[in-house]
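Everything on this sheet refers to the single structure shown next.
Number of protein chains: 2
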Amino acid sequence: MAAVKRLTQRDIAQLAGVSQATVSLVLNGTPLSRSRIPTETRERVEKVIRDTGYVADPVARKMVKGLNRILGVFTYEPAFPSGQADFFTPFLFGIEEAAQALGYDLLLLTGAGQQRKIFGDNVRLRLADGCVILGRKFDNTELARLVAGDFPFVAVGRRDDAGGPVPYVGGDYAPATAALVERAKSFGHRRIAYVGLNEGAESTVDRWYGFSRSVGEAELVTSIFEVGRPPNETLDILLSAGATCVFVTELADAIAIEHAARTRGLSIPDDLSIVVLGNHIRAEEPGRRFTSFAIPREAMARAATEMLVRRVEHDAPVEQLLLHCEPLEGDTLGAPSSKTKKTK
Amino acid sequence: MAAVKRLTQRDIAQLAGVSQATVSLVLNGTPLSRSRIPTETRERVEKVIRDTGYVADPVARKMVKGLNRILGVFTYEPAFPSGQADFFTPFLFGIEEAAQALGYDLLLLTGAGQQRKIFGDNVRLRLADGCVILGRKFDNTELARLVAGDFPFVAVGRRDDAGGPVPYVGGDYAPATAALVERAKSFGHRRIAYVGLNEGAESTVDRWYGFSRSVGEAELVTSIFEVGRPPNETLDILLSAGATCVFVTELADAIAIEHAARTRGLSIPDDLSIVVLGNHIRAEEPGRRFTSFAIPREAMARAATEMLVRRVEHDAPVEQLLLHCEPLEGDTLGAPSSKTKKTK
DNA sequence: ATTAGCTGCTAATACGTATCAGCACTTCTG
DNA sequence: CAGAAGTGCTGATACGTATTAGCAGCTAAT
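For the record, the sequence lines run as chains X and S. Residue 79 is where the first sequence starts when you use the working numbering, and the numbers rise one by one after that. Residue 79 is where the second sequence starts when you use the working numbering, and the numbers rise one by one after that.
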């Protein structure tokens, strides 16, 4: 019951009749120094180790070696609590998979509840050799400090403006959005609308950039740069602008608009096409599958983890990587009906 | 770019014109020793700390204090890889929640792929202050070593036979099963069958124990102590034994049996009631909601985490806790039809 | 005027490991 | 037979922190 005093190398040394240094050399000497320990001695030490079940204390080890084969996973927002957990799990899956493959363990530092700071009082983050940062809301001050500091990290999701280049793996939303616009145009849409923010997080800006880049000025009939507006109101604006297709950044808005439209007897996509910019986790809703693009969350997380390990192990230079987002067919984008056309 | 030599207490001390010891005392002195540092000095040191963003190295800290406010989570089976991840996530949610509330971080040690040993070569587990063990397949040798050792741990799920009492939090399956049996009897069932293992894991034994305890000998018409047998075969046995109600341990078996029965034109629960022993994660299958009992996975995980912290912080004695499993109504248990009764 | 007690600090040490310099001894070389 | 080279090992030290013992200098009490 009473703590049985943990076994140390000194104990092993005593039992084997050698010095602590010898034990350490047996355990992890360089080929060079290893050659200077005769087989007999080595086997004697190894036997004692086997018999006692000794394992080196990773803490002491880390202290002297500096590395621990542990990666931190930092999230500002609560990662797990079951409510909206599904946002993080695909990322965690990916990180875990890559970490396992590379022989690393994971230290979870999730800000469940109390907004947590990386540079807080009790930051145990540094136990890890480096860390992956997840989350939508980034504290730019902290990011800048990380960039300036020597602690290896990689962000999942593109980040700018941190007083230096931020290593990241993100989704390539701009071309993915542009591709959807092209697809809408090829269906014959000439009156297109946008609902969503056009500034703020990088991912948001990218969507708007990809959109505005490929939509001709004449084709953009209206933009609503906000989210969460009452759907009926939004719909009124869209219809009075004569839009035949609307691009929406938030799934929730898309669902609301679709619902409002259906209530008015409009048919999707005949009377109005809806495109969502990015597949959202709970997209497996009943019935309707929105046309969108896939965000390769697991692949992003894997790539970020591998990048982090490169930085940890080889002090690799900052990399910035955007992964391709595959279009998702869905059933909310189609040709505008001639009726709608005439209505205009 | 070149590693900017991590900040240490010595650096802080130098900048503030005091000794390293003073810095340490400012950071975490006892009220006693704190009272001996004048406010002026303390503020000077604190200012330097704030300006530099210094944080104490948790590794060195752990080395001297022995505690780290980190809990390990060990799983034998792969925890994350998305395939069957859903088994572990509720547990992880619960552990994470409790750990956060108690001010602990989580070190994930998941055996993805290579069957991992707790006592391997590279055991980073000891970095944690204690650990929660998850997983169905336990290595009893290792469990015994854990019990014998001084490393605090708590198992999720009841465990026996480890050369000593194993601290655990499990589900109280026996009475939950018994309650379902009583319920079946109150519906009028007098010819009951059992499909599933009756030995092996503790959780399995508990189910069988709860079942056999409350089913009268005359009422148990047949038992099939195996899983995965062809459903038609199973159904033949059940029907020829005249069973009106069958208790199944594996959801997969229940689904298969239900499907086979429906194919033959039998109605569930009129012609045959099916009770599953424990809600399985993916139970939200289309259509059919099986009568069963709820396994409070998150609560189990929370309780296990809290128990672990008690052991870590106060060296609390071994506790063994079984949590109540609420019955789940479902729609596969009902009164046996008179037709079925007559048929016999 | 001595001592006892307080205040403000610091030196020294321990924690468990990795690693390097080097000691004592043997064997080989010229 | 002196020196070089090799062998088998150990002592000392560093890593960054917490903590204890204790040193000056000062004040208050006897």
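Where a beta carbon is used, it is the ideal one built from N, C-alpha and C, also for glycine. Source: prediction; values computed, not measured.
| Asked | Found |
| --- | --- |
| Neighbour list for X:Q398 in chain S, Cβ cutoff strictly below 8 Å | Correct list: empty, because the minimum Cβ distance to chain S is about 16 Å. |
| Uninterrupted alpha helix (DSSP H) stretches inside the segment 287-324 of chain X (no shorter than 4 residues) | 309-318 |
| Between the CA atoms of S:G294 and S:D228 - distance to the nearest angstrom | 45 Å |
| Distance CB(S:L186)-CB(X:L186) smaller than 8 Å | yes |
| Sub-8 Å separation of S:R204 and S:Y182 beta-carbons | no |
| Cβ shell of X:G208 (< 8 Å), same chain only, five flanking positions each side left out | L149, G150, F229, P230, F231, V232, L386, V387, R389 and V390 |
| Burial state of X:G144 (16 or more Cβ within 10 Å) | exposed |
| Segment contact, 8 Å Cβ cut-off, at least three pairs: the segment 366-376 of chain S with the segment 167-174 of chain S | yes |
| Inter-stretch contact at 8 Å, needing at least 3 Cβ pairs: the segment 284-301 of chain X / the segment 310-320 of chain X | yes |
| 8 Å Cβ cutoff, X:R120 in contact with chain S | no |
| Expected contact under 8 Å - CB spacing of X:V234 and X:F165 to nearest Å | Incorrect: roughly 11 Å between the Cβ atoms, too far for contact. |
| C-beta atoms of X:F325 and X:F289 nearer than 8 Å | yes |
| Residues bridged to S:T188 (per DSSP) | S:T153 |
| Closer than 7 Å at the beta carbon, the chain X residues around S:I141 | The amino acid occupying residue 141 of chain S in the given sequence is Met; Ile does not appear at that position. Simply V137, A138 and M141. |
| Burial state of S:H402, where buried means 16 or more other Cβ atoms lie within 10 Å | exposed |
| Nearest neighbour of S:I346, chosen from S:V273, S:A240, S:G412 and S:T383 [CA to CA] | S:G412 |
| Cβ shell of S:A279 (< 7 Å), same chain only, five flanking positions each side left out | R214 |
| Separation of S:P245 from S:C323, as counted between CA atoms | 36 Å |
| Chain-order list of residues whose beta-carbon lies under 6 Å from that of X:A361 (same chain, five-residue window excluded) | Reliability of the predicted coordinates at X:A361 is poor, the pLDDT of 43 falling under 50, and the value obtained from them is presented with this limitation in mind. Contacts found: none. |
| N-terminal and C-terminal residue of the beta strand (DSSP E) that X:I352 is part of | S351 to V354 |
| CB contact flag (S:V247, S:A382, <8 Å) | yes |
| Cβ-Cβ separation, S:L221 to S:R424 (assumed contact under 8 Å), whole Å | Here chain S has residues from 79 to 422 only, and residue 424 of chain S is not among them. |
| Own chain, CB closer than 6 Å to X:R88, minus 5 neighbours either side, in chain order | Q98 |
| Chain S contacts made by the segment 222-255 of chain X, where a contact means CB separation under 8 Å | R223, G227 and D228 |
| Short CB-CB distance (under 8 Å) between S:T188 and chain X | yes |
| X:V142 versus S:Q92 - alpha carbon distance | 23 Å |
| Under the three-state DSSP convention, the category S:G248 falls into | strand |
| C-beta atoms of X:L275 and X:E311 nearer than 8 Å | no |
| Assigned secondary structure, S:M79 (DSSP; H/G/I helix, E/B strand, else coil) | Only weak support is given to the placement of S:M79: the predicted model assigns it a pLDDT of 37, under 50, and the value that follows is read from those uncertain coordinates. Three-state result, S:M79: coil. |
| Through-space distance from S:R366 to S:L258, alpha-carbon basis | 18 Å |
| Beta-carbon spacing of S:A321, S:A262 below 8 Å | no |
| Residue range of the unbroken beta strand (DSSP E) whose run includes S:A334 | Per DSSP, S:A334 belongs to no beta strand (DSSP E); it is in the alpha helix (DSSP H), L329 to T341. |
| Helix, strand or coil at X:P168 [DSSP, three-state] | helix |
| N- and C-terminal bounds of the alpha helix (DSSP H) containing S:I90 | Q87 to A94 |
| Runs of alpha helix (DSSP H) wholly within the segment 123-150 of chain S (minimum 4 residues, chain order) | 136-143 |
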